[in-house]
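**Student:** Each residue of the sequence shown is one higher than the one before, counting from 24 in this note's numbering.
Every residue gets a Cβ at the ideal spot worked out from N, C-alpha and C, and that includes glycine.
First, the structure itself, so that you have it in front of you.
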Amino acid sequence: MLTHERRGSDVVVFTCRTRRALPFRAGQHVEIECPYRPWQTSPFSMANAPRRDRVLEFHVRAGSPAGVSAALVERLKPGDTLRLGTPRGSMVLNPYSRRDLVFITGSTGLAPAKALIDELSRYNRTRWIHLFRAERDDGAFYDRWSLDRLADRHPWLTIVRTTADIAEAVSAHGPWSHHDFYISGPQSMVDSASGQLAALRVPAARIQAFSEVGEQGAGLRT
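Take a look at the structure:
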């Protein structure tokens, strides 16, 4: 564990460095076990693309007091050792697509979207990207400064924040007939956004989604 920063009453952003390179693709997630919840794991998405220094960033919102998320928010501190599972997930960039992209996120579902945007920032010059963020109120948009800095550096990135229904916000900014979509966040938001895209006749093959409820118990490593 390297850093642990509060980004709201119940959200932290923390970084850690693996002892050896962890082979993963931007948008994937790992199971995490921490010393304060031994033998319990929960899935969390990396919020950055792979880096040479092996540093990983994670976004966590506290959930059940007895869960891994709460321990990571309330008790984790720099110097602690975490165990990480094998990277999983198919919410990755399509290497053959040149379409523009739309990211639809809620809560800490921002993390995989930020990782994919991080990857794109290293080479993208031609694809326009919209990031839609939904939160319960204006004060809940954690990591605002980091994202605004990205948008300032990259004119192809547009950020839309809403405290209303995110599916309606996406519909209002279309048309989206030639875009790839990535949806991440609470299951209810993922379902709502997926349904809206289906109503807009977006082909299912162009939609990747990851909800905050994931698999449990992958093989772990430090």
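Could you check if G218 is buried or exposed, using at least 16 other CB atoms within 10 Å of its CB as the buried criterion?
**Tutor:** Classified as exposed, G218 has fewer than 16 neighbouring CB atoms from the shown chains inside 10 Å of its CB.
**Student:** Would the stretch 121 to 137 and the stretch 54 to 66 be scored as touching if the rule is three or more Cβ pairs under 8 Å?
**Tutor:** no
**Student:** What number of angstroms, rounded off, separates the C-alpha of H27 from the C-alpha of L45?
**Tutor:** 21 Å
**Student:** Here's the rule: buried if 16 or more other CB atoms are within 10 angstroms of the residue's CB, otherwise exposed. What is M69?
**Tutor:** buried
**Student:** Run through the DSSP bridge pairs and tell me what T264 is partnered with.
**Tutor:** Absent from the structure is residue 264, since the part of the chain shown begins at 24 and ends at 245.
**Student:** Got a sec? Which residues, its chain only, sit under 7 Å from A163 by beta carbon, not counting five neighbours each side?
**Tutor:** G31
**Student:** Does the stretch 131 to 146 come into contact with the stretch 206 to 222, if we say contact requires no fewer than three beta-carbon pairs (one atom in each stretch) closer than 8 Å?
**Tutor:** yes
**Student:** If we count the other Cβ atoms within 10 Å of its Cβ and call it buried at 16 or more, is R224 buried or exposed?
**Tutor:** Looking at its Cβ environment, which holds fewer than 16 other Cβ atoms inside 10 Å, R224 is exposed.
**Student:** In whole angstroms, what separates the C-alpha of I230 from that of V183?
**Tutor:** Their Cα atoms are separated by approximately 19 Å.
**Student:** With burial defined as no fewer than 16 other Cβ atoms inside 10 Å of the residue's Cβ, what is the status of P66: buried or exposed?
**Tutor:** buried
**Student:** From this set, T41, G102, V83, which residue's C-alpha is nearest P110's C-alpha?
**Tutor:** Nearest C-alpha to P110: T41.
**Student:** Closest to D76 by C-alpha separation, out of A232, T38, S120, would be which residue?
**Tutor:** T38
**Student:** Using the Cβ count rule (16 or more neighbours within 10 Å means buried), how would you classify Y165?
**Tutor:** buried
**Student:** Given a threshold of 16 other Cβ atoms within 10 Å of its Cβ, counted over all protein chains shown, does R156 qualify as buried or as exposed?
**Tutor:** buried
**Student:** Take D161 as the anchor and find which of R98, D214, L143, A187 has the nearest alpha-carbon.
**Tutor:** A187
**Student:** Can you check which of these residues, R167, W179, H153, is closest to A192 by C-alpha distance?
**Tutor:** H153
**Student:** Where do the N-terminal and C-terminal ends of the alpha helix (DSSP H) with G218 fall, by residue?
**Tutor:** Taken as a continuous stretch (DSSP letters only), the alpha helix (DSSP H) holding G218 covers 210 to 222.
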